[in-house]
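The block underneath contains the structure these notes are about, expressed in structure tokens.
In UniProt numbering, the protein residues as written are 1 to 251.
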């Protein structure tokens with residue numbers, strides 16, 4: 001069996017070896033009473049560390065509500081080789097720890113950074129099965145090196161997601177505002193408007209029945225953005241800002 005492939009069908013991916021998964025990545029429920037007590041949040045760390053080595057898995061087409069797309073992709077990387085999958089895994093675990101400290105029940109869509117998948121449709125299904133109050137997919141963009149800034153992606157109505165388009169827009173605005181205020185990162189000037197973009201081609205949004213958005217935290221091909229995204233201290237600031245965005249939306 002391909003390492004990590006079994007997680008394609010699970011509600012939350014878990015490491016196969018005991019103790020191999022960081023505590024912050026486990027879906028263990030509320031960490032105690034807090035401002036987000038009773039809230040359910042799903043965090044989707046984009047891509048996965050084993051994706052690039054298994055194109056036969058991630059290139060398999062899946063139905064995303066209005067057509068077929070690849071199960072997943074390998075993601076991008078900085079010029080120095082810092083991979084998007086590692087970036088999203090780190091930020092997601094930092095964020096999960098903060099949200100649990102505020103009382104939220106948090107599930108990640110994958111349980112490590114060396115597996116394959118899960119497919120974009122399964123990532124959406126994890127949030128749906130959890131009846132999440134909010135879901136966020138974390139990414140880094142791979143645009144031209146001259147482009148910089150962040151943007152939040154909101155769903156357009158495709159079919160099954162029609163009921164979550166409006167609340168997703170509110171979630172996206174809360175995430176955008178908190179991220180901009182907390183990190184000082186500018187809005188992406190190369191697509192969308194005022195840090196928001198709307199798309200109907202992302203399975204994680206098209207197949208969601210709970211409020212869900214994506215964030216491209218910066219452009220990993222841009223030297224300035226890459227320097228920030230490669231800094232552990234700045235990733236902590238990113239996570240703090242995203243936690244504030246969730247709280248602003250959910251309270």
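Yeah, the Cβ is synthetic: ideal placement off N, Cα and C, and Gly gets one too. Predicted, not measured: the structure shown is a model, and the values here were computed from it.
Beta-carbon proximity check, residue 171 vs residue 210, cutoff 7 Å: no
Integer-rounded CB distance, given that residue 87 should sit under 8 Å from residue 185: The pair is not a contact, with the Cβ atoms about 14 Å apart (cut-off 8 Å).
Touch test, the stretch 80 to 100 against the stretch 40 to 57, Cβ-Cβ under 8 Å, three pairs minimum: yes
Proximity to residue 77 [Cα-Cα], best of 104, 220, 115, 195: 220
Per DSSP, cross-strand counterpart(s) of residue 139: 216
Supposed contact pair residue 165 and residue 206 - C-beta distance, whole angstroms, cut 8 Å: Contact flag wrong, Cβ pair sits at about 11 Å.
Reduced DSSP secondary structure (H/G/I, E/B, other) of residue 113: coil
Cβ pair count under 8 Å reaching 3, the stretch 144 to 158 against the stretch 184 to 202: yes
Backbone CA spacing between residue 199 and residue 64 [nearest angstrom]: 12 Å
Proximity of residue 179 and residue 241 at Cβ, strictly below 7 Å: yes
Residue 70 - containing alpha helix (DSSP H), residue span: Segment 68 to 70 is the beta strand (DSSP E) holding residue 70; no alpha helix (DSSP H) there.
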